[in-house]
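Remarks on the structure that follows.
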Amino acid sequence: MRFFILILFAGIVMNAGGQECKVLLPSIDSVYTGDCRRGLAHGDGEAWGVDHYAGHFKKGLPNGNGRYVWRNGDVYDGEWSNGNREGYGRFLPALGKGACEGTWRKNRFLPPIAADDWIYPYVVKQTVNIEKVNVRKTADEGSEVRIRIFRNSVPTQVFELEMISGSGDAQQNLDYLVFMYVSFPFAARLEYKLPDKGGAQLMECLIDFVITEEGEWEVCIYH
243 MRFFILILFA
253 GIVMNAGGQE
263 CKVLLPSIDS
273 VYTGDCRRGL
283 AHGDGEAWGV
293 DHYAGHFKKG
303 LPNGNGRYVW
313 RNGDVYDGEW
323 SNGNREGYGR
333 FLPALGKGAC
343 EGTWRKNRFL
353 PPIAADDWIY
363 PYVVKQTVNI
373 EKVNVRKTAD
383 EGSEVRIRIF
393 RNSVPTQVFE
403 LEMISGSGDA
413 QQNLDYLVFM
423 YVSFPFAARL
433 EYKLPDKGGA
443 QLMECLIDFV
453 ITEEGEWEVC
463 IYH
């Protein structure tokens, strides 16, 4: 008869062969049980910490399909990539308000493109602490959306930038931002911070927009 001893502690699983298995997401790194490869959670598994996750792992992080439960009772059930909610998923808050289902990028929910949005080539759906937005098409062919941010009509740098989109590769250059190789309709959300007019503190800025018509576009944001 063979005996196997499983020891669980501090994000590590050890079996009789001495194999260690770590979870790299701090909120669930206390206890892990499941598949392992090269010392990391890899494959199907379950992990506990202040929160709980059950599903697929890759190189120590939630990746693929899985269910995550926060300590306050909120639940996300859906797709993951490198420890982030990424792809299709459903979020159910413990208090019952704010449930959403659809596409996620970098832990942020992308609002669906409404039927009314298709009437126009583009729609600016929401802005926060932004004075004016100009959107123009620069070429009939292409798949690039370039974004410029101005302060007092002068290009400006921003802080704590997050670029979230339904498709494409996001890049930050010296004087502009760009989404490359996008698919249309294209939905994007930018969050960043700028010093307020007094310069005493940073203010949070946000823009949500949708472009439905193919081509190359430029979005100019004015503060």
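If you want our numbering, it's the position in the sequence shown, counting the first as 1, plus 242. All residues carry an ideal CB built from backbone N, CA and C; glycine is no exception. On a predicted model such as this, the values are computed, not experimentally measured, just so you know.
Proximity to ALA429 [Cα-Cα], best of LEU416, HIS294, GLY344, PRO437 | The closest CA to that of ALA429, considering only LEU416, HIS294, GLY344, PRO437, is found on GLY344.
Just curious, the beta strand (DSSP E) that THR439 is in, first and last residue?
-> What sits at residue 439 in the sequence shown is Lys, not Thr. Note, LYS439: premise wrong, no beta strand (DSSP E); not H, not E.
Give the DSSP-derived three-state secondary structure of THR454 in the structure shown.
-> coil
If you run the structure through DSSP and keep just helix, strand and coil, what is PRO397?
-> Residue state, collapsed to three classes: strand.
Note down, in chain order, each residue of its chain lying with its Cβ closer than 6 Å to the Cβ of ARG390, except the 5 sequence neighbours on either side.
-> TYR418, CYS462
Determine the contact status of TYR364 and VAL273, defining contact as a CB-CB distance below 9 Å.
-> no
Find the nearest neighbour of SER425 within the set GLN399, LEU448, LEU416, TRP459, judged by alpha-carbon distance.
-> TRP459
Do you know offhand how far ILE249's Cα is from GLU373's?
-> Low confidence applies here, because ILE249 scores a pLDDT of 41, under 50, leaving its location unreliable; read the following figure in that light. ILE249 and GLU373: Cα-Cα distance of roughly 58 Å.
Three-state secondary structure (DSSP) of ILE361 = helix
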